[in-house]
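In what follows, a single structure is set out as C-alpha cells and then discussed.
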C-alpha cells in the first residue's frame, strides 16, 4: 500500500488512500471486523462465476449492511440510522 505505482493508480482513479497511523495497527480493527462479517454472511455461503458477480454482490451487501442491518452496539440501529442520529444531535 506504500508502493509508488499503487499510490499513483489510487491517485489516477481519483481516490484517497486511507492508512493506519504508524505503530497503531488497532486503527484498522473496525474495517477488519466489517470484512470478517461480510465474508461470513455473504462470501463463504456462495460460489461466484465471475469477478463482476462478486463485485456486484459485495456492493449489494455493503448497501444492506449500511441501510438494513441493525447492530446491537449501535443501539439496534443501522449504521445509516446511527449516523443520522449523530448528525441531528450536532
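In my numbering, the protein residues as written are 14 to 103. Built from N, CA and C at the ideal position, the CB exists for glycine as well. These numbers come from a predicted model, not from an experiment.
| Check | Outcome |
| --- | --- |
| Given this structure, state the Cα-to-Cα distance separating residue 56 from residue 50, to the nearest angstrom. | 9 Å |
| Beta carbon of residue 91, beta carbon of residue 80: below 8 Å? | yes |
| Sort 97, 74, 86 and 99 by Cα distance to residue 43 and report the nearest one. | 86 |
| With residue 66 as the anchor, note down where its alpha helix (DSSP H) starts and where it stops. | 64–80 |
| Nearest to residue 82 by alpha carbon, out of 16, 101, 47 and 22? | 47 |
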